[in-house]
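Let me begin by presenting the structure, written as C-alpha cells, before commenting on it.
Numbering (the working numbering), first residue to last: 108 to 338.
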C-alpha cells in the first residue's frame, strides 16, 4: 500500500467509519501501531482487502509481542475468509495462531484460545458442513473434561457451548440453544452475573426467542471483558 492509498483509507475511516478515532491514532503511515489500528477499523467496516494489505505489512516486520502476533494472525485469517472466501489461507493463519497460543515454549500468555478456535469452527461449518464442525466441537469439549480443565473460566468450553447454541438456534431448536447458552455462561460468568442469567430464564417464561436474545446479549458482552478467562 502506498502512502497516498494509506492516507485515503485514513480519510475514509475519519469520515465514514463506524468508529471515528482521532487522526493522530491512525495517521502515521510509518508507525506499525497506526497500521494495525487502521487495519482493525477497516475490518470493522467490511474493507477486508486493504486490511489484509496493512496486516501483512506489519507481519512482515519483526513483532516482539507474541500475544499481538497471535491476534494479528487471527485477524488475517478472518479477513482472508471474509474478503476472499479463501478457507485454506484463513485456516492456515488461524491454526498458526492457535498453535502459538497453546505452545508453552512460545512465551504467550493468551487466555482466549477458545475464541481463536471458535473462528476456526465457523469457517469449517460453512465450508465442510455442520456435521464436521459439530464433531470437532464435541471432541474439544470432551477433551477439556478428560484433561480436568473444566474450570469455571475456560474459553474452550465457553466458545464451544456458544457455537453449539448458535447451531441449535439456526436449526430451530431454541430450547436446546438456550440450554447451551446456559452451559456457556457457566464457563465465563461469575456468580453474580449467573444470578442475572437465572433471572432472565425465570422472568421470560415461555418467550423462548426473547430468552435466547437476552441471554446471548449478556453472555457475549461479558465474554469481551478482559480477565474473563483463565484458559
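Built from N, CA and C at the ideal position, the CB exists for glycine as well. On a predicted model such as this, the values are computed, not experimentally measured, just so you know.
Inclusion of residue 231 and residue 240 in the CB contact set at 8 Å is warranted, their separation being smaller than that value. A contact is defined here as three or more CB-CB pairs under 8 Å, and the region 144-164 meets this definition with respect to the region 174-194. Residue 236 is not a Cβ neighbour of residue 173, given a cutoff of 8 Å. Between the alpha carbons of residue 303 and residue 321 lies a gap of roughly 10 Å. Here residue 151 is exposed: its Cβ has fewer than 16 other Cβ atoms, across all protein chains shown, within 10 Å. Per DSSP, reduced to three states, the secondary structure at residue 139 is helical.
When the five nearest sequence neighbours on each side are left out, the beta carbons in the same chain lying within less than 8 Å of the beta carbon of residue 123 are those of 152, in order along the chain. Selection 168, 164, 204 evaluated against residue 180 yields 204 as nearest (Cα-Cα). Taking the C-beta atoms as reference points, residue 330 is found nearer than 8 Å to residue 265. As for any alpha helix (DSSP H) of minimum length 4 sitting wholly inside the region 208-259, the runs are 220-235, 237-253, ordered along the chain.
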